[in-house]
Amino acid sequence: MLPSLNHITLTLILQAVRDGNINYCNAIGLTLDEVRELNKLTLDEFLFISKTPAIFLDISVNHERLQYNLLRSRQELHLQQQINRAVRLGASHEILCKYFGLNSNDVAVRRRLLGVSIPGGRKSLPDENTDAKIWLLWKKKYTGNTESSDALDVMMQITEELSAGGNTLSLTVIRNRIVLFENNTNKGRR
Numbered sequence: 006m007l008p009s010l011n012h013i014t015l016t017l018i019l020q021a022v023r024d025g026n027i028n029y030c031n032a033i034g035l036t037l038d039e040v041r042e043l044n045k046l047t048l049d050e051f052l053f054i055s056k057t058p059a060i061f062l063d064i065s066v067n068h069e070r071l072q073y074n075l076l077r078s079r080q081e082l083h084l085q086q087q088i089n090r091a092v093r094l095g096a097s098h099e100i101l102c103k104y105f106g107l108n109s110n111d112v113a114v115r116r117r118l119l120g121v122s123i124p125g126g127r128k129s130l131p132d133e134n135t136d137a138k139i140w141l142l143w144k145k146k147y148t149g150n151t152e153s154s155d156a157l158d159v160m161m162q163i164t165e166e167l168s169a170g171g172n173t174l175s176l177t178v179i180r181n182r183i184v185l186f187e188n189n190t191n192k193g194r195r
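Pasting the structure below:
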């Protein structure tokens, strides 16, 4: 059996009073005298008020705030999925910090939770054919700034495409190659 709204409300009120958070009680509409009375309840009185069918708290839905929270939860879910995707594709600490604001501890914990281990040492560089594929895919899919989140998404797509073809290059290597290509291209334009 689920606890009644009165029971939940009383429990929260008494916990707030115990924690010295009278402002919480005021925020839900209780007067100081009502808070004092509720604080004096015996266990029997508490149980009686908890079980009475006369609910003493009105609830209303703030539709605008609910819609905002739903939107934010979808955005947060998308962000978490992007972070996990980047981690699984072998993103470095630097990439995860730059694009998602994760610190070293956050990265380590996330890798551990996802079962991702990053081998130490230098990353292997792609051969000329793979380098050419990376560059062509990059130019086909994206022409903007390499530092944007859209660019990172395209880099992840390229990493996924290449890994589907049997290539084992990490997102870090792919990003480094693209940044190098772009820097060399920009130097040639000057």
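If you number the sequence shown the way this note's numbering does, the last residue is 195 and the count never jumps.
We put the CB at the ideal spot given by N, CA and C, even for glycine.
These numbers were taken from a predicted model, which means no experiment stands behind them.
Span separating the alpha-carbon of residue i from that of residue j
i       : j       : result
Ser-129 : Gly-95  : 13 Å
Ala-59  : Leu-15  : 13 Å
His-83  : Arg-77  : 10 Å
Leu-101 : Ala-169 : 23 Å
Ile-64  : Arg-79  : 25 Å
Pro-124 : Leu-174 : 12 Å
Ile-54  : Arg-23  : 19 Å
Gly-106 : Val-159 : 19 Å
Leu-46  : Gly-25  : 17 Å
Glu-39  : Asp-49  : 18 Å
Leu-71  : Leu-43  : 30 Å
Asn-28  : Ala-21  : 9 Å
Asp-111 : Arg-127 : 23 Å
Glu-99  : Lys-192 : 24 Å
Pro-131 : Glu-69  : 51 Å
Glu-133 : Asn-67  : 58 Å
Arg-180 : Gln-85  : 20 Å
Ile-88  : Ser-154 : 11 Å
Glu-187 : Leu-75  : 39 Å
Check whether residue i and residue j have beta carbons under 8 Å apart
i       : j       : result
Trp-104 : Leu-157 : As written in the sequence, residue 104 is Tyr, which differs from the Trp given in the question. Cβ distance < 8 Å, so Tyr-104 and Leu-157 count as in contact.
Cys-30  : Ile-18  : yes
Arg-90  : Ile-139 : no
Thr-135 : Asn-172 : yes
Leu-119 : Leu-62  : no
Local conformation of residue i per DSSP, three classes
i       : result
Val-104 : It is Tyr, not Val, that sits at residue 104 in the sequence shown. Residue state, collapsed to three classes: helix.
Ala-91  : helix
Val-196 : A query on residue 196 cannot be resolved here, the shown segment of the chain reaching from 6 to 195 and no further.
Ile-33  : coil
Val-121 : coil
Ser-153 : coil
Leu-48  : helix
Ala-96  : coil
Ser-168 : helix
Lys-56  : helix
Phe-186 : helix
Arg-116 : helix
Asn-26  : coil
Thr-177 : helix
Ser-109 : helix
Ile-192 : Ile is not the amino acid found at residue 192; the sequence shown has Lys there. Helix.
For residue j and residue i, believed in contact at Cβ under 8 Å, the rounded distance
i       : j       : result
Ser-97  : Thr-177 : 4 Å
Thr-148 : Val-184 : With a Cβ gap of about 15 Å, Thr-148 and Val-184 do not count as contacting.
Glu-166 : Leu-142 : 7 Å
Lys-146 : Gln-162 : 7 Å
Val-92  : Arg-115 : 5 Å
First and last residue of the uninterrupted alpha helix (DSSP H) at residue i
i       : result
Leu-15  : 10-23
Glu-133 : 133-146
Any non-hydrogen atom of the ligand SAH closer than 7 Å to residue i Cβ
i       : result
Lys-103 : Ligands are entirely absent from the displayed structure, and the ligand SAH is therefore not among its contents.
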